[in-house]
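Trainee: A single structure is presented below for examination.
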Amino acid sequence: MIGSNAFPTIAEASRAIEAGTLSPVALTEFILDRIAALDGRLNAYLTVTADAARAEARDAEAEIRAGRRRGPLHGVPIAFKDIFETAGVPTTCQSRALAGHVPARDATSVAKVRAAGAVGLGKLTTHEFAFGGPSFDILGQPARNPWNTAHFTGGSSSGTGAAVTAGLALGGFGSDTGGSIRLPAAYFGLVGLKPTYGRISRAGVFPLAFSLDHAGPMAWTAEDCAIMLEAMAGHDPADPASADVPAPPYAAMLDRDLTGLRIGVIRHFWEEAEAEPETVAALEAALKVFEGLGAKLVEVRLSPLSDWCATCSLILLSEAFAVHEEWLRGSPEIYGEFMRMRLFLAGAITAADYVQALRRRRELCAEFAAAFADVDVMFTATAAGPAPRIEEMGAFYTFARPLLTMPFNVTGSPALATRAGFSSEGLPLSLSLIGKPFDEATVLAAAHAYEKATEWAARRPSLEAVDAAA
Amino acid sequence: MLPNDRPLTIAEAADLIRDGKLSPVGLVEDCLRRIDALDGTYHAFIEVLREPALAAARAAEAEIAAGRWRGPMHGVPIGLKDIYETKGVRTTGHSRVAADYVPTEDATTTAMLEASGAINLGKLATWEFAIGGPSFDLPWPPAGNPWRHDHDPGGSSSGTGTAVATGMVLGGMGSDTGGSIRFPAALCGIAGIKPTYGRVSRAGVMPLSFSLDHAGPMAWTVEDCAIMMQALAGHDPRDPASAELPVPDYRAALTGDAKGLRVGVLRQFYETDAPADADCAAAFDAALAALADLGATVVELPALSPMQDYLAAAFLISRSEAFAIHEETLRASPGLYGEVARERMLMGALVTGADYVQAMRRRRELCVEFAAAMRGVDVVALPTLPTAAPKLGAYGKHFTIDRPLYTTPFNLTGSPALSVCDGFSAEGLPFGLQIVGHPFDEATVMRVGDAYEKATQWRGMRPEPLAMAAE
Amino acid sequence: MTEPTISRQDFDVLLARAGLTLDEKQAEDLRHAYKYVQAMAERVRTPRGREAEPAHIFVFPHEATAG
Numbered sequence: 001m002i003g004s005n006a007f008p009t010i011a012e013a014s015r016a017i018e019a020g021t022l023s024p025v026a027l028t029e030f031i032l033d034r035i036a037a038l039d040g041r042l043n044a045y046l047t048v049t050a051d052a053a054r055a056e057a058r059d060a061e062a063e064i065r066a067g068r069r070r071g072p073l074h075g076v077p078i079a080f081k082d083i084f085e086t087a088g089v090p091t092t093c094q095s096r097a098l099a100g101h102v103p104a105r106d107a108t109s110v111a112k113v114r115a116a117g118a119v120g121l122g123k124l125t126t127h128e129f130a131f132g133g134p135s136f137d138i139l140g141q142p143a144r145n146p147w148n149t150a151h152f153t154g155g156s157s158s159g160t161g162a163a164v165t166a167g168l169a170l171g172g173f174g175s176d177t178g179g180s181i182r183l184p185a186a187y188f189g190l191v192g193l194k195p196t197y198g199r200i201s202r203a204g205v206f207p208l209a210f211s212l213d214h215a216g217p218m219a220w221t222a223e224d225c226a227i228m229l230e231a232m233a234g235h236d237p238a239d240p241a242s243a244d245v246p247a248p249p250y251a252a253m254l255d256r257d258l259t260g261l262r263i264g265v266i267r268h269f270w271e272e273a274e275a276e277p278e279t280v281a282a283l284e285a286a287l288k289v290f291e292g293l294g295a296k297l298v299e300v301r302l303s304p305l306s307d308w309c310a311t312c313s314l315i316l317l318s319e320a321f322a323v324h325e326e327w328l329r330g331s332p333e334i335y336g337e338f339m340r341m342r343l344f345l346a347g348a349i350t351a352a353d354y355v356q357a358l359r360r361r362r363e364l365c366a367e368f369a370a371a372f373a374d375v376d377v378m379f380t381a382t383a384a385g386p387a388p389r390i391e392e393m394g395a396f397y398t399f400a401r402p403l404l405t406m407p408f409n410v411t412g413s414p415a416l417a418t419r420a421g422f423s424s425e426g427l428p429l430s431l432s433l434i435g436k437p438f439d440e441a442t443v444l445a446a447a448h449a450y451e452k453a454t455e456w457a458a459r460r461p462s463l464e465a466v467d468a469a470a
Numbered sequence: 001m002l003p004n005d006r007p008l009t010i011a012e013a014a015d016l017i018r019d020g021k022l023s024p025v026g027l028v029e030d031c032l033r034r035i036d037a038l039d040g041t042y043h044a045f046i047e048v049l050r051e052p053a054l055a056a057a058r059a060a061e062a063e064i065a066a067g068r069w070r071g072p073m074h075g076v077p078i079g080l081k082d083i084y085e086t087k088g089v090r091t092t093g094h095s096r097v098a099a100d101y102v103p104t105e106d107a108t109t110t111a112m113l114e115a116s117g118a119i120n121l122g123k124l125a126t127w128e129f130a131i132g133g134p135s136f137d138l139p140w141p142p143a144g145n146p147w148r149h150d151h152d153p154g155g156s157s158s159g160t161g162t163a164v165a166t167g168m169v170l171g172g173m174g175s176d177t178g179g180s181i182r183f184p185a186a187l188c189g190i191a192g193i194k195p196t197y198g199r200v201s202r203a204g205v206m207p208l209s210f211s212l213d214h215a216g217p218m219a220w221t222v223e224d225c226a227i228m229m230q231a232l233a234g235h236d237p238r239d240p241a242s243a244e245l246p247v248p249d250y251r252a253a254l255t256g257d258a259k260g261l262r263v264g265v266l267r268q269f270y271e272t273d274a275p276a277d278a279d280c281a282a283a284f285d286a287a288l289a290a291l292a293d294l295g296a297t298v299v300e301l302p303a304l305s306p307m308q309d310y311l312a313a314a315f316l317i318s319r320s321e322a323f324a325i326h327e328e329t330l331r332a333s334p335g336l337y338g339e340v341a342r343e344r345m346l347m348g349a350l351v352t353g354a355d356y357v358q359a360m361r362r363r364r365e366l367c368v369e370f371a372a373a374m375r376g377v378d379v380v381a382l383p384t385l386p387t388a389a390p391k392l393g394a395y396g397k398h399f400t401i402d403r404p405l406y407t408t409p410f411n412l413t414g415s416p417a418l419s420v421c422d423g424f425s426a427e428g429l430p431f432g433l434q435i436v437g438h439p440f441d442e443a444t445v446m447r448v449g450d451a452y453e454k455a456t457q458w459r460g461m462r463p464e465p466l467a468m469a470a471e
Numbered sequence: 001m002t003e004p005t006i007s008r009q010d011f012d013v014l015l016a017r018a019g020l021t022l023d024e025k026q027a028e029d030l031r032h033a034y035k036y037v038q039a040m041a042e043r044v045r046t047p048r049g050r051e052a053e054p055a056h057i058f059v060f061p062h063e064a065t066a067g
């Protein structure tokens with residue numbers, strides 16, 4: 001039973017809780033049992049706050065019974081990547097540098113979902129400081145991919161991906177500086193949304209690179225991401241980049257007819273990334289599905305993918321180095337090798353490199369904004385192929401080949417990854433949809449329509465195989 | 001032959017022109033005569049646009065005679081620092097590098113001034129690309145000080161300062177990245193305002209440091225600056241930093257008093273962190289007393305971080321951005337630049353990306369700190385500079401590090417900051433009073449400056465350039 | 001003139017990284033001025049929380065949000 005895939009999505013659980021047919025306490029116990037049974041192999045969690053979760057579930061149940069249901073997240077168990085601060089609960093960024101660090105306050109986004117009634121299950125594994133991974137020489141082990149534990153999870157929100165995929169949480173928090181929500185979403189076959197820069201507060205989220213960092217939800221469906229985004233979004237004066245732009249009711253805006261929707265296809269990005277034939281076939285098939293739904297396809301040509309990635313990487317490295325330089329100079333051995341080596345690389349970047357990257361960023365943003373003149377939403381690959389084998393991931397893999405996710409950290413656009421089929425080996429493939437600034441609604445609606453028109457979401461990994469691999 | 005009368009202010013000229021009592025053509029001819037008589041000594045101009053200016057003056061005269069007076073800048077002769085792009089007119093940045101550069105568009109501010117009816121008499125000397133000066137190894141000599149031509153007029157808007165003070169133009173444009181409007185305004189004894197970052201468009205002004213560059217006016221009086229600001233302020237989509245905020249009536253804000261205003265004195269900068277010369281500090285103390293007489297309440301500003309922290313962040317940011325702008329040319333042909341510009345910009349090549357990011361983080365902290373310190377006061381006052389003008393050539397390549405200007409912190413914070421003349425040294429060289437405001441509150445800053453000018457005798461004292469030139 | 005705070009060897013690495021080819025005088029002048037950069041780089045590193053933000057985080061260009 002625990003090894004089975006019989007667990008609900010957020011939306012399903014939410015409807016059942018509302019109808020009184022599902023008890024938040026029972027649901028939370030059920031998920032805690034799954035964590036106890038499966039997490040030894042999946043390493044999704046660094047900290048499980050079982051007692052607190054039970055208490056929160058009981059409170060939720062009592063409130064809902066008393067007729068005070070707060071909304072769709074009320075009584076729904078979710079979990080947080082370990083770079084989100086949680087009051088009284090260790091927040092380590094999976095690094096020895098922060099071992100034992102217990103924040104006094106919740107990150108703004110954590111506090112917001114708690115206020116919406118979500119039940120917090122605990123803290124999820126990540127690449128070290130959302131950057132250095134997959135690493136075996138840091139606090140704890142890296143998360144494993146339940147589709148095939150020999151394969152990479154994508155990073156850095158890997159624990160979130162593993163937990164949602166295996167039913168160890170119904171949804172989770174990720175963060176995304178160069179693709180850290182969307183890449184694991186791709187390799188786990190999930191939906192992951194990096195909202196617009198400024199949409200969700202970054203206050204209380206350990207920074208990787210200030211001007212590229214985004215917080216966002218990961219879940220099984222677009223609808224689940226919409227429900228979570230609604231609770232997480234909103235202006236926060238504690239985040240200097242937070243936008244004072246009202247957040248619409250995303251979940252209520254999902255059912256949209258795609259007739260006439262203009263989809264800009266950035267084909268040359270996946271060509272430059274040398275996408276594998278199965279991925280290309282899946283993307284072309286997905287485009288057919290969108291056409292079948294009434295969308296119009298428009299070919300979009302942008303600057304070379306490598307320009308976007310160079311811009312993203314130079315900014316990311318410079319800002320990350322500034323955050324970490326004290327430790328890097330004083331006690332570099334505190335980091336795992338990958339984190340250390342990547343940051344050392346940043347030491348060689350000049351201010352002129354950084355300033356030029358910022359200037360290039362402005363040009364690229366203007367170019368992307370102009371490309372939206374005749375387009376409602378953009379389409380490209382999330383990754384060049386399915387998850388590679390974990391031992392293929394070296395210290396500098398993010399710079400060796402261009403990442404298809406980075407352009408949209410540069411522009412700050414809302415970008416969503418969703419499954420687009422499976423490889424012959426049974427590993428998930430993924431497509432990305434990108435919207436205009438603050439137009440998450442269109443991105444979510446398009447992803448939702450695609451999900452309904454395909455059967456991919458029904459396919460779950462066989463957790464018996466995970467059991468057997470143990 | 002120099003006109004006998006003392007030069008008019010913009011405000012005076014505007015009234016006379018409006019009433020048909022002064023011909024723009026005559027006014028331009030007066031200015032051209034001053035240029036002819038003086039500029040061989042003062043080197044304020046890189047290029048004088050004699051014929052186009054006369055043509056524009058005739059057109060203005062005809063328009064005004066036909067009852068179409070555009071406003072107080074109509075028919076008023078001005079000059080542009082030679083980093084302001086002028087369509088079809090060479091814009092050199094006072095550098096060999098751009099000696100033959102002819103822009104195909106006007107800077108937004110160039111076009112705005114033209115639309116206001118102002119008449120551009122020409123392109124004014126600057127430090128090379130607004131950073132390298134005073135320099136003696138460039139195609140054009142550095143400008144001289146209007147009070148003593150062998151003294152430094154300050155920089156980098158040196159030509160503007162000199163041209164305004166000697167009456168070659170009635171007003172002019174400067175730019176200010178670390179003090180380049182207020183520094184020459186102080187040493188030339190005129191008024192100059194660095195508006196809030198985002199208030200006046202930077203589009204078409206040769207950049208030095210994107211995040212610290214400000215464009216602004218310089219003129220004989222604060223009232224003249226207010227008139228120019230009215231023509232210059234406003235949102236410009238061509239400038240990504242331009243703010244979308246309404247522009248108040250600046251001249252209407254000039255009440256002639258400082259009643260009810262609280263003036264915070266930033267004693268720490270000029271007494272502790274980088275002490276000013278005694279005569280300079282004495283002039284400032286007298287200015288504070290005058291402000292109190294005008295009705296202001298003078299209070300001490302709370303302690304800030306050392307001024308050197310502000311300067312360090314500004315230095316790293318400005319040098320890094322300057323190097324990024326010029327790096328291609330600096331790599332290919334460093335010899336094209338004068339020694340001072342080259343070495344100052346090359347410092348930016350030695351800054352790491354992390355240094356720059358740290359400077360930006362420090363900048364945020366200092367902005368927050370300064371905003372907190374300004375809570376409870378309307379403006380902050382301190383001297384503009386620690387000294388009066390030295391001899392031309394006395395400033396070394398890194399003089400602002402050895403003897404900091406009190407201007408640069410407000411480039412870092414982006415605050416509006418004005419310099420007005422607050423007296424003279426024993427040698428007859430001017431000192432500057434600096435007034436700093438809340439973001440986008442140029443109106444109060446100019447109100448204080450204008451009231452001070454009208455309550456003191458300094459605006460009645462003009463340099464005697466003819467006498468000096470004859471020396 | 002005070003002694004430079006960086007060895008010629010280290011300084012040459014910086015110049016090479018910045019892509020600069022300078023003549024001997026230019027390089028030596030700059031090496032002597034490097035102390036200013038060094039002192040200021042130290043100054044902007046006052047103790048602060050790791051979450052302290054830079055002055056400029058990312059701002060959408062006008063073109064990106066219009067319409």
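Chains as they are written, first to last, in full-length UniProt numbering: chain F, 1 to 470; chain V, 1 to 471; chain X, 1 to 67.
Each residue gets a CB set at the ideal place from its N, CA and C atoms; glycine is no exception.
Quantities reported herein were computed from a predicted structural model and do not represent experimental measurements.
For residue 36(V) and chain F, any beta-carbon pair shorter than 8 Å?
Mentor: Here the question's residue 36(V) lines up with position 36 in the second sequence. No, residue 36(V) lies away from the interface with chain F (no Cβ there is under 8 Å from its Cβ).
Trainee: Please tell me whether residue 323(V) and residue 346(V) are closer than 8 Å, where the distance is taken between their beta carbons.
Mentor: Start at 1 with the first residue of the second sequence, and residue 323(V) comes out as number 323. Start at 1 with the first residue of the second sequence, and residue 346(V) comes out as number 346. Yes, the pair counts as a contact, with Cβ atoms nearer than the cut-off.
Trainee: Looking at chain V, is there any beta carbon in it that lies within less than 8 Å of the beta carbon of residue 355(F)?
Mentor: Translated into positions along the first sequence, residue 355(F) becomes position 355. Taking Cβ atoms only, chain V reaches closer than 8 Å to residue 355(F), which makes this a yes.
Trainee: Quick one: which chain V residues come within Cβ less than 7 Å of residue 29(X)?
Mentor: To locate residue 29(X), count along the third sequence from 1; it is residue 29. Per Cβ cutoff of 7 Å: 343.
Trainee: Excluding five sequence neighbours on each side, which residues of the same chain lie with their C-beta closer than 6 Å to the C-beta of residue 470(F)?
Mentor: The residue you call residue 470(F) lines up with position 470 of the first sequence. Unreliable positioning characterises residue 470(F) in this predicted model, as indicated by a pLDDT of 46, which lies under 50. The coordinate reading is nonetheless provided below. The answer, listed in chain order, is 41.
Trainee: Using a C-beta cutoff of 8 Å, does residue 132(V) count as contacting chain F?
Mentor: Sequence index remark: in the second sequence, residue 132(V) carries index 132 (1-based). Output row for residue 132(V): interface = no.
Trainee: Using a Cβ cut-off of 8 Å (strictly closer), state whether residue 323(F) contacts chain X.
Mentor: Here residue 323(F) is taken as the residue at index 323 of the first sequence, counted from 1. Yes, residue 323(F) counts as interfacial toward chain X.
Trainee: Where does residue 184(F) fall in DSSP's three states?
Mentor: Position 184 of the first sequence, counted from the start, is the residue given in the question as residue 184(F). Here residue 184(F) sits in helix by DSSP.
Trainee: In whole angstroms, what separates the C-alpha of residue 454(V) from that of residue 182(V)?
Mentor: Locating residue 454(V) in the second sequence gives position 454, counting from the first residue. Locating residue 182(V) in the second sequence gives position 182, counting from the first residue. So the alpha carbons of these two residues sit roughly 19 Å apart.
Trainee: Just checking my contact of residue 297(F) with residue 258(F) at CB under 8 Å: how many whole Å lie between their CB atoms?
Mentor: Locating residue 297(F) in the first sequence gives position 297, counting from the first residue. Locating residue 258(F) in the first sequence gives position 258, counting from the first residue. Going by Cβ atoms, the distance from residue 297(F) to residue 258(F) rounds to 12 Å, so no, they are not a contact pair.
Trainee: From residue 359(V) to residue 36(V), what does the alpha carbon distance come to, in whole angstroms?
Mentor: On the second sequence, position 359 is the one that residue 359(V) refers to. On the second sequence, position 36 is the one that residue 36(V) refers to. Distance between the alpha carbons of residue 359(V) and residue 36(V): 46 Å.
Trainee: Pull the bridge partners of residue 380(F) from the DSSP assignment, please.
Mentor: On the first sequence, residue 380(F) is found 380 positions in, with the first residue counted as 1. Answer by DSSP bridge pairing, in chain order: 432(F).
Trainee: Need the endpoints of the alpha helix (DSSP H) that residue 448(F) sits in, please.
Mentor: Taking the first residue of the first sequence as position 1, residue 448(F) is located at position 448. Start and end: 440-453.
Trainee: Who are the near neighbours of residue 396(F) in its chain, counting only those whose CB is closer than 8 Å to its CB and skipping five residues on each side?
Mentor: Translated into the one-based positions of the first sequence, residue 396(F) becomes position 396. The residues are 341, 342 and 345.
Trainee: What's the gap between the Cα of residue 456(F) and the Cα of residue 279(F)?
Mentor: Taking the first residue of the first sequence as 1, we reach residue 456(F) at position 456. Taking the first residue of the first sequence as 1, we reach residue 279(F) at position 279. Straight-line Cα distance between these residues: approximately 14 Å.
Trainee: If distances are taken between C-alpha atoms only, which option among 119(V), 199(V), 234(V) and 276(V) comes closest to residue 414(V)?
Mentor: Here the question's residue 414(V) lines up with position 414 in the second sequence. The shortest Cα separation from residue 414(V) among 119(V), 199(V), 234(V) and 276(V) belongs to 199(V).
Trainee: Just verifying my parser: in three-state terms, what is the DSSP assignment at residue 326(V)?
Mentor: Position 326 of the second sequence holds residue 326(V). Of the three classes helix, strand and coil, the one that applies to residue 326(V) here is helix, per DSSP.
Trainee: Quick one: which chain X residues come within Cβ less than 7 Å of residue 312(V)?
Mentor: Residue numbering aside, residue 312(V) sits at position 312 when the second sequence is read from its first letter. Under the 7 Å cutoff, chain X gives 40, 43 and 44.
Trainee: Any C-beta of chain X sitting closer than 8 Å to the C-beta of residue 28(V)?
Mentor: Sequence index remark: in the second sequence, residue 28(V) carries index 28 (1-based). So, not an interface residue.
Trainee: Tell me residue 120(V)'s beta-bridge partners as DSSP assigns them.
Mentor: Taking the second sequence and counting its residues from 1, the one referred to as residue 120(V) is at position 120. According to DSSP, residue 120(V) bridges with 78(V).
Trainee: Say whether chain F places a C-beta atom closer than 8 Å to the C-beta of residue 349(V).
Mentor: Taking the second sequence and counting its residues from 1, one reaches residue 349(V) at position 349. So yes, residue 349(V) belongs to the interface.
Trainee: Report yes or no: is there a C-beta of chain V within less than 8 Å of the C-beta of residue 318(F)?
Mentor: To locate residue 318(F), count along the first sequence from 1; it is residue 318. It does: the Cβ of residue 318(F) has a partner Cβ on chain V nearer than 8 Å.
Trainee: Look at the alpha carbon of residue 249(F) and the alpha carbon of residue 443(F), and state the distance between them as a whole number of angstroms.
Mentor: The count along the first sequence starts at 1 and reaches residue 249(F) at position 249. The count along the first sequence starts at 1 and reaches residue 443(F) at position 443. Taking the straight line from one Cα to the other gives about 14 Å.
Trainee: Excluding the 5 residues preceding and the 5 following residue 245(V) in the sequence, name in chain order all residues of the same chain whose CB lies nearer than 7 Å to its CB.
Mentor: Indexing the second sequence from 1 puts residue 245(V) at position 245. Cβ within range, chain order: 440.
Trainee: Going along chain F in order, which residues have a C-beta closer than 9 Å to the C-beta of residue 11(X)?
Mentor: Taking the first residue of the third sequence as 1, we reach residue 11(X) at position 11. Those do not exist, as residue 11(X) stays about 14 Å from chain F at its closest Cβ, beyond 9 Å.
Trainee: Give the straight-line distance between the Cα atoms of residue 99(F) and residue 37(F), rounded to the nearest whole angstrom.
Mentor: Against the first sequence, residue 99(F) aligns to sequence position 99. Against the first sequence, residue 37(F) aligns to sequence position 37. Taking the straight line from one Cα to the other gives about 26 Å.
Trainee: Run through DSSP, which three-state label would residue 238(V) get?
Mentor: Position 238 of the second sequence, counted from the first residue, corresponds to residue 238(V). Coil, per DSSP.
Trainee: Using a Cβ-Cβ cut-off of less than 9 Å, give me the residues of the region 333-361 of chain F that come near chain V, in sequence order.
Mentor: Against chain V - using a Cβ distance shorter than 9 Å - the residues of the region 333-361 of chain F are 346, 347, 348, 349, 350, 351, 352, 353, 354, 355, 356, 357, 358 and 359.
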